[in-house]
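Report on the following structure.
Protein chains in written order, with the working numbering: chain A, 86 to 320; chain B, 6 to 81.
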């Protein structure tokens, strides 16, 4: 696996400039020693917390950052967000012991272009560094499945039109009253419900039809012919 | 960030972190052997042992804490 090319790896100006961010010094040290044997990769800096990694990466003009999630001062996900805000061309690869999908999704939302587990072999980490430096993205095979499952779930998520058929009779009445400009208190009085019940039912209703607030709900009601005639005709 | 139980956080931050270090050290030994740099292996093995010893200590401490928690729960 480790060949002569690897042994004679020397840094050059064309190398991928990598910063390591992890609060475990021995881990960083070992990873650095191994990655430096890889052709085309130079470790230009190290950081032990989420603030330091931002400073070092920008100062050293890093191409790729290998970032742990759990770090002191600022965690790796926040550091990723902040770093990419300052320089969006840097490729961040999360290198973590966490394999839970929640962490993976948060990492991707933060802008990370790679997610690897610390159980990966260094050759895999080096491959990910090269992939991300060339503009690609890479996920650890053990977390890919959960990402694909989530993607599939989101693809199947109901459209607002699908939500219409799911509304109960009461929810349709609430929607009609919302579109007529009534407050929760007024709707509660009208339907003989507690105001808190109306508020809760509205939250569920918003989710079912895929809107964020009562204005969007009113527009939805008008578009779908649910709104009272007086409101529809006034538009 | 997802809220974690303090013990779960400790297992992650300390135990898994140390095991991650141990994994890197084993790979270093393997690589040094392949590169013919055998003289550097003993020092790396010492670091590997140190990481594993710290892992054992940490797990013992966590287990003791879990036992205490159990006792408190039973007493309650």
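Beta carbons are placed, not taken as given, at the ideal position from N, Cα and C, and that holds for glycine. It should be emphasised that the depicted structure is a prediction, and the values quoted were computed from it without experimental measurement.
Supposed contact pair residue j and residue i - C-beta distance, whole angstroms, cut 8 Å
i	j	result
residue 149/A	residue 103/A	5 Å
residue 1/B	residue 57/B	Within the shown structure, residues of chain B are numbered from 6 to 81, placing residue 1/B beyond reach of any answer.
residue 197/A	residue 177/A	5 Å
residue 33/B	residue 195/A	So it is not a contact: roughly 30 Å between Cβ atoms.
residue 99/A	residue 143/A	About 21 Å separates the two Cβ atoms, so there is no contact after all.
residue 23/B	residue 70/B	Going by Cβ atoms, the distance from residue 23/B to residue 70/B rounds to 17 Å, so no, they are not a contact pair.
Residue burial classification, residue i (beta-carbon count within 10 angstroms, cutoff 16)
i	result
residue 320/A	Note that residue 320/A scores 40 on pLDDT, short of 50, meaning its location in the model is unreliable and no value can be drawn from it.
residue 293/A	buried
residue 262/A	buried
residue 18/B	buried
residue 146/A	exposed
residue 30/B	buried
residue 61/B	exposed
residue 318/A	Because residue 318/A carries a pLDDT of 39, less than 50, the predicted location of this residue cannot be relied on, and the following value inherits that uncertainty. With fewer than 16 Cβ atoms within 10 Å of its Cβ, residue 318/A is classed as exposed.
residue 107/A	buried
residue 158/A	exposed
residue 123/A	buried
residue 44/B	exposed
residue 68/B	exposed
Proximity of residue i and residue j at Cβ, strictly below 7 Å
i	j	result
residue 192/A	residue 179/A	yes
residue 126/A	residue 214/A	yes
residue 186/A	residue 133/A	no
residue 184/A	residue 202/A	yes
residue 63/B	residue 20/B	yes
residue 112/A	residue 25/B	yes
residue 286/A	residue 259/A	yes
residue 269/A	residue 254/A	no
residue 336/A	residue 137/A	Residue 336/A falls outside the range modelled here, since chain A spans only 86 to 320, and no answer is possible.
residue 199/A	residue 160/A	no
residue 131/A	residue 105/A	yes
residue 296/A	residue 302/A	yes
residue 223/A	residue 256/A	no
residue 307/A	residue 218/A	no
residue 249/A	residue 309/A	yes
Q. For the stretch 150-226 of chain A, which segments carrying the beta strand (DSSP E) assignment without a break, of at least 3 residues, lie completely within its bounds, in sequence order?
A. 176-181 and 199-202
Q: Anything in the stretch 205-220 of chain A with a Cβ closer than 8 Å to a Cβ of chain B? List those residues in chain order, please.
A: 206 and 207
Q: Note down, in chain order, all residues in the stretch 115-149 of chain A with a beta-carbon under 9 Å from any beta-carbon belonging to chain B.
A: 115, 116, 118, 119 and 122
Q) When Cβ atoms are compared, which residues of the stretch 10-40 of chain B fall closer than 7 Å to chain A? A) 17, 18, 21, 22, 25, 26, 28, 29, 30, 32, 33, 36, 39 and 40
(Q) Counting only Cβ-Cβ distances shorter than 7 Å, please list the residues of the stretch 46-73 of chain B near chain A, keeping chain order. (A) 52 and 56
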